[in-house]
Every structure is written in structure tokens, then in C-alpha cells.
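Taken in order, these protein sequences are the chains called H and R. Start counting the first sequence at 57; every next residue gets the next number (our numbering). Start counting the second sequence at 514; every next residue gets the next number (our numbering). Glycine included, C-beta positions come from ideal geometry on N, C-alpha and C. Because the structure is a prediction, the values reported are computed rather than measured. What follows is a single structure, written as C-alpha cells, with notes after it.
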Amino acid sequence: MKKYYMLLILSLFSEHLDAVAYCSLRDPVTQIKQLYPDKTNQLSIVKMVDDNIRAQVQVALPRNDLHFSELGQHTLYIVKEGNKSLGYVHVRSEQSEWGLVEIAWAIDKDLRISNFVFQRCRSPKKKVAQQQRFRDIFIGKNYQELKELLNSDGVTAKEEVLEQAKPAPELANVMLRCALKTLLLTEVLWGEELKKY
Amino acid sequence: MQYLLLSLLITLSFECFADFNRNLRWSLDASARLNHNKAIDNTSRIYALGIDIHKVFNRSSGDMGYGVGQVYYTKLSNQIPVPFLFDSKDDGDFIIREAHLNYTDTANWFPNVRIGHFTMPFGLEESIDTNGRLLDYHHGKNLGTKLDWGLSLNKVTENVEYNVSYTLGGKDKAKSVNGSYAVTGRIGTLSHHDFIMGFSFYRAEIDGINRKRLAIDWQYYWQTWGLLAELALGEDDKQAMQWQQEKYALLELNKTALHEQLKVYGQVIFTDKEFQKNTEKLVNIGLSYQISTQLEFSLSGRIQLNTPEVGKKQQLTRIQIRYRY
Chain H
57 MKKYYMLLIL SLFSEHLDAV AYCSLRDPVT QIKQLYPDKT NQLSIVKMVD DNIRAQVQVA
117 LPRNDLHFSE LGQHTLYIVK EGNKSLGYVH VRSEQSEWGL VEIAWAIDKD LRISNFVFQR
177 CRSPKKKVAQ QQRFRDIFIG KNYQELKELL NSDGVTAKEE VLEQAKPAPE LANVMLRCAL
237 KTLLLTEVLW GEELKKY
Chain R
514 MQYLLLSLLI TLSFECFADF NRNLRWSLDA SARLNHNKAI DNTSRIYALG IDIHKVFNRS
574 SGDMGYGVGQ VYYTKLSNQI PVPFLFDSKD DGDFIIREAH LNYTDTANWF PNVRIGHFTM
634 PFGLEESIDT NGRLLDYHHG KNLGTKLDWG LSLNKVTENV EYNVSYTLGG KDKAKSVNGS
694 YAVTGRIGTL SHHDFIMGFS FYRAEIDGIN RKRLAIDWQY YWQTWGLLAE LALGEDDKQA
754 MQWQQEKYAL LELNKTALHE QLKVYGQVIF TDKEFQKNTE KLVNIGLSYQ ISTQLEFSLS
814 GRIQLNTPEV GKKQQLTRIQ IRYRY
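As C-alpha cells, then:
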């Protein structure tokens with residue numbers, strides 16, 4: 057009997073860890089609409105990014121870590137048009153030399169990046185990310201394909217990618233790390249549940 | 514048999530809890546604040562322990578809305594002046610901060626509907642949360658209350674966001690007190706942009722005081738710097754039931770570190786009242802440091818630049834430790 061109570065208590069006192077007060081949470085509704093203009097609603101699934109998940113990221117992506125704002129409970133949105141699922145949206149932040157960059161990534165059902173918009177980006181070169189040549193670095197790629205773009209240092213992109221990203225190679229580095237973490241976390245945390253949709 | 518029934522009951526409890534637990538965020542939130550008010554030579558402490566809950570409600574076709582609940586046991590120790598929610602300088606009580614439901618499953622052209630106890634949608638405070646923090650945009654002082662019970666219509670569209678509320682003016686009481694009410698609203702550009710601009714209005718009768726306000730606010734962010742301002746014009750009948758004009762201006766410059774754990778800010782606040790000889794000029798300087806995901810340290814200091822007509826110049830130092838589990 058004690059085990060049941062312990063389990064109940066443990067389940068009550070786990071799975072929560074957030075630095076910000078919850079009244080400040082905002083759904084990225086504008087970004088979701090930009091990514092999926094036909095959407096009628098979104099279905100939120102909240103999951104916990106904890107120290108265990110953080111450790112998995114560090115194993116899968118050596119020399120990469122999750123910033124404190126990336127820990128805690130995060131939402132993946134299943135974008136709906138009526139009852140039909142159009143795809144997924146997940147917002148992740150990445151540290152940069154311009155402060156945190158927050159990107160809303162559109163992910164298709166095969167867990168490939170299908171589009172992205174900035175929720176926040178204070179890079180002076182952020183407009184470069186609107187160019188097709190730059191977008192092609194990420195769009196249509198899955199986790200493995202993006203990982204192949206990483207240099208051996210594990211945090212920057214390969215020379216040919218940086219060439220393609222000119223004149224904003226630093227932004228491409230930040231976005232590549234962010235995209236990899238996004239797809240990895242989507243698979244690890246939400247992958248099983250997404251099979252239902 | 515009784516063990517079987519008990520096991521079934523516990524299993525069902527887990528099922529119900531699992532369903533309720535879905536899309537539920539909750540944290541225990543504890544803070545200790547030390548204040549030293551040099552003008553009245555008083556040191557006080559405020560302790561708060563509460564629960565902060567956020568729950569998204571949805572069905573298979575999508576989200577229906579979300580609820581926020583924040584209940585805190587707050588204990589004062591030698592706090593002067595005594596906040597309106599308390600009876601004495603050493604009082605303690607359960608305080609409801611935000612407690613509302615926002616129904617969002619509406620047609621594109623129709624607003625979301627919020628009901629409950631929420632922060633009045635006015636000025637900078639609409640996009641920057643200050644509950645439980647030392648950072649403050651003088652919302653309560655300007656409007657007569659920071660939070661109120663009522664209803665709001667709100668939406669974030671492709672180009673603008675708006676929030677208009679009708680509340681009862683009872684502040685912590687979910688009722689109108691002697692005819693109290695408040696109509697508040699803000700319409701602005703999207704709050705995730707680097708340049709944000711908003712217009713706010715306010716008409717209220719709270720605590721027997723009528724207030725009218727029109728305000729403009731803006732925020733500009735350049736890399737890790739932020740420049741924020743709010744200008745409010747209006748009138749109230751605080752002085753012997755006679756209308757007096759009031760102007761209020763706030764200017765803030767802030768800087769965050771690249772990792773965003775450290776934030777420093779400086780504010781200047783000017784308040785000019787028609788029947789007051791001097792313009793009140795205040796300077797606030799503060800910092801907050803997020804030591805870990807759970808632990809935040811913050812510090813703020815306030816000085817008054819002008820000499821007030823009565824009493825001493827404001828000089829307030831505050832330190833706070835906040836822990837969220």
C-alpha cells in the first residue's frame with residue numbers, strides 16, 4: 057500500500073520546473089498562423105524537459121547543452137485544420153551573441169523541418185533568413201541530415217553550409233544547433249504520442 | 514475484498530489524476546523579501562509561499578483554452594505602510610494573484626473570452642509580467658489596482674493584439690463595492706517584435722475614486738538592450754471630490770546578459786498632478802539574477818529626486834530571493 061502512496065506523492069511532486077510565472081506564458085498563435093495559413097486551431101501537448109532529457113541531448117549532441125530557459129515544461133503544437141492534422145510546431149530558444157534567439161519550427165509528420173519563423177531574433181542580419189538559399193539549409197531535412205551539416209567541433213556548421221549562409225554564417229550556426237535540439241527533443245519527448253495524430 | 518476496492522480506487526485516482534495532469538504545469542513558489550525604507554527608518558520583510566498553476570484544456574479537435582491559478586500565503590513582518598489586503602503590519606493571509614480561464618476556441622474574427630481575476634490590460638504591464646517581482650511599472654498606483662475580477666475580450670491577430678476588460682472594481686473581492694467598476698483596454702502591435710507600441714484607455718471608480726486615463730507605451734529592443742516608455746494622461750477626483758489632471762511618464766533602459774540570467778534596469782518616473790506644486794521624480798535601479806532554473810535573486814533601489822511637500826524623500830532598498838520548485 058505504501059508503494060501506491062509513494063507513487064502518488066512522487067507523481068505529484070515531479071514533472072514541474074519552470075523559471076517563469078505561468079501568467080506570462082503566451083502561445084505563439086501568430087507564428088503558427090504564419091507557418092500554417094490554413095490552420096483553424098492547435099492542439100497543445102505539454103512535456104517536461106528535465107535533467108534526464110538534458111543528459112540525453114548532451115550524449116546525442118556533444119558540446120551542446122540546454123540553456124536554463126530550455127528546461128521545464130514545453131509545448132508542442134499539433135496544427136489542425138478542422139479535425140485534420142497539418143503538422144507540428146515547436147518553439148525553442150538558443151543562446152547567441154544577440155541574446156536568446158527563439159524560433160518557431162514547423163515540423164512535418166516525418167519529423168522533417170518544413171518551415172520556420174522567428175519569434176525573437178535580434179541579429180542585425182535576420183532578414184538573410186528570409187532568402188531561399190538560406191532557408192534551404194534547413195527546410196526538408198530531418199535530424200540525421202541536419203546532423204551531417206555539423207562540423208567536427210559539434211557546434212558550428214561545415215564550411216560549405218557557412219558559405220551558403222553568407223552573409224549570416226553566425227545565424228546559421230545558431231539555427232542549426234536549435235533545429236537539431238528541436239528535432240531531437242520532438243522525437244524523444246513527443247515521438248510516441250505523435251503517432252496517434 | 515477491501516484491498517481490491519482500495520486498489521481499484523487508487524488506480525482510478527491515478528487515471529483521473531493522469532487526465533488532470535495532462536498539459537498541467539504547476540510550481541511551488543516561495544519568496545522572501547527584505548525592505549528598508551530610509552524615509553521612515555523602517556525595515557520590513559514579506560514572505561510568500563504559494564502555488565502557481567497553468568492548465569491547457571483541449572479536445573481532439575484542438576485547444577479550448579487555458580486556466581491560470583496563483584494562490585499564495587503571504588506574511589508581513591513590520592510592513593509599513595500596510596498593503597490594502599492586510600489588517601496590520603504583521604498580518605498574514607491567503608492572497609489570490611491571477612486566477613482566470615481564457616476560452617480560446619473561437620472563430621478567427623471572434624475574440625477569446627477571459628473570466629476571473631487578472632492583471633488589468635494597460636500599458637507596459639500588459640506584455641511584461643511583474644507579479645511577485647521587484648520590477649514594477651506602477652500599475653497599481655496609476656490605476657488604483659493591479660488586478661481585478663471581471664471579464665475580458667482578447668486576441669492576438671496577425672498584426673495587432675488587443676485586450677479589453679470590464680471588471681468589478683472590488684480588487685481582491687469578486688464583486689462591485691459601492692458601485693465600483695473598471696473599463697480597461699489596450700491595443701498594440703505584436704508583443705514578440707523588437708519594436709512594440711500600444712495605446713491604452715481606462716475609466717474606473719475604485720475605492721470611491723474616479724479615474725480616467727489614456728496612455729501610450731512603447732518598447733524597443735536592440736540586441737541585449739531594451740528601451741521602454743509609458744506616458745499616461747488623465748484625471749481623477751482623489752482630492753476632495755474635485756477632478757485634477759495627472760500626467761505620468763516612465764522611461765526604462767534595461768540590459769540583459771547574453772545568457773539572459775542577469776538583467777539590470779534603470780527607470781525614471783515623473784508624476785505631475787494639477788494641485789501639487791512639484792513634479793514627483795523617482796529613480797528605480799534594479800537587477801535580477803537567475804541563479805538556476807529554480808532560484809532567482811533580485812535587488813532594487815528607489816530614490817526620489819525632488820523634495821516632497823510633506824514628509825521625507827522616498828528612499829527604498831529591497832532584496833528578494835525567490836525559489837520555484
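Query: Name the DSSP bridge partner or partners of Glu-150(H)?; Result: Val-157(H)
Query: Name, please, each residue of chain H whose Cβ falls closer than 7 Å to the Cβ of Leu-771(R).; Result: Gln-151, Glu-153, Gly-155
Query: Identify the contact partners of Ala-77(H) in chain R, using a Cβ-Cβ distance below 7 Å as the criterion.; Result: Asp-565, Asp-642, Asn-644, Gly-645
Query: Label Gln-803(R) either buried or exposed according to how many other C-beta atoms from any shown protein chain fall within 10 Å of its C-beta, with 16 as the threshold for buried.; Result: buried
Query: Near Glu-137(H), what residues of its chain come up, given a Cβ to Cβ distance below 7 Å and the 5 sequence neighbours on each side ignored?; Result: Asp-94, Lys-95, Thr-96
Query: Could you check what DSSP says for His-651(R) in three-state terms: helix, strand or coil?; Result: coil
Query: Taking DSSP as the reference, what is the three-state secondary structure of Met-514(R)?; Result: The predicted model places Met-514(R) with a pLDDT of 46, which falls under 50 and marks its position as unreliable, so this point remains unresolved.
Query: 7 Å is my cut-off, CB to CB: does Ser-141(H) come that close to chain R?; Result: no
Query: Cα separation between Phe-599(R) and Gly-653(R)?; Result: 16 Å
Query: Verify whether the separation of the beta carbon atoms of Leu-746(R) and Leu-764(R) is less than 7 Å.; Result: no
Query: Apart from the five residues just before and just after Gly-563(R), which ones in its own chain have a Cβ nearer than 7 Å to its Cβ?; Result: Asp-542, Gln-583, Val-584, Tyr-585, Tyr-586
Query: State yes or no: is the C-beta of Arg-724(R) within less than 7 Å of the C-beta of Asp-749(R)?; Result: yes
Query: Thinking just about the alpha-carbon of each residue, which of Cys-234(H), Phe-194(H), Phe-190(H), Glu-219(H) is nearest to the one in Val-211(H)?; Result: Cys-234(H)
Query: Given Gln-752(R), which residues of its chain have a CB within under 7 Å of its CB, disregarding the five upstream and five downstream residues?; Result: Phe-788
Query: Using alpha carbons as the reference points, say which of Leu-829(R), Arg-835(R), Ile-722(R) lies closest to Thr-556(R).; Result: Leu-829(R)
Query: So, with DSSP's three-state summary, where would you put Asn-555(R)?; Result: strand
Query: At the level of alpha carbons, what is the spacing between Ser-152(H) and Val-230(H)?; Result: 6 Å
Query: Where do the ends of the alpha helix (DSSP H) carrying Leu-800(R) lie?; Result: Taken as a continuous stretch (DSSP letters only), Leu-800(R) belongs to no alpha helix (DSSP H), being part of the beta strand (DSSP E) at 793-803.
Query: Between Asn-571(R) and chain H, is any beta-carbon pair separated by less than 7 Å?; Result: yes
Query: Roughly how many angstroms lie between the CA atoms of Glu-243(H) and Lys-140(H), to the nearest whole one?; Result: 21 Å
Query: At a CB-CB cut-off below 8 Å, which residues of chain R make contact with Ile-101(H)?; Result: Asn-536
Query: Under the rule that 16 or more other beta-carbon atoms within 10 Å means buried, what is Thr-820(R), buried or exposed?; Result: exposed
Query: Strictly below 7 Å CB to CB, what residues from chain R border Leu-81(H)?; Result: His-567
Query: Against chain H, with Cβ distances strictly below 7 Å, would Leu-703(R) count as a contact?; Result: yes
Query: DSSP beta-bridge partners for Arg-716(R)?; Result: Val-696(R), Lys-725(R)
Query: Going straight from the alpha carbon of Ser-665(R) to that of His-567(R), what length do you get?; Result: 18 Å
Query: For the segment 566-596 of chain R, which segments carrying the beta strand (DSSP E) assignment without a break, of at least 3 residues, lie completely within its bounds, in sequence order?; Result: 575-590
Query: Of the residues Leu-250(H), Phe-194(H), Lys-203(H), Lys-237(H), which one's Cα is nearest the Cα of Ala-228(H)?; Result: Phe-194(H)
Query: Do Glu-743(R) and Leu-660(R) have their beta-carbon atoms positioned less than 7 Å apart in this structure?; Result: no
Query: Is Leu-122(H) close to chain R, meaning its C-beta is less than 7 Å from at least one C-beta of that chain?; Result: no
Query: Any beta carbon from chain H within less than 7 Å of Thr-680(R)'s own beta carbon?; Result: no
Query: What residue does the alpha helix (DSSP H) around Gln-220(H) start on, and which one ends it?; Result: 215-220
Query: Going by beta carbon distance, what residues of the same chain come within less than 7 Å of Pro-511(R), once the five residues before and after it are set aside?; Result: This structure cannot settle anything about residue 511(R), because the visible part of chain R is limited to 514 through 838.
Query: Taking all protein chains shown into account, decide if Arg-831(R) is buried (16 or more other Cβ within 10 angstroms of its Cβ) or exposed.; Result: buried
Query: Return no unless some Cβ of chain H is closer than 7 Å to the Cβ of Glu-611(R).; Result: yes
Query: Counting only Cβ pairs nearer than 8 Å, list the residues of chain R close to Gln-98(H).; Result: Gly-575, Asp-576
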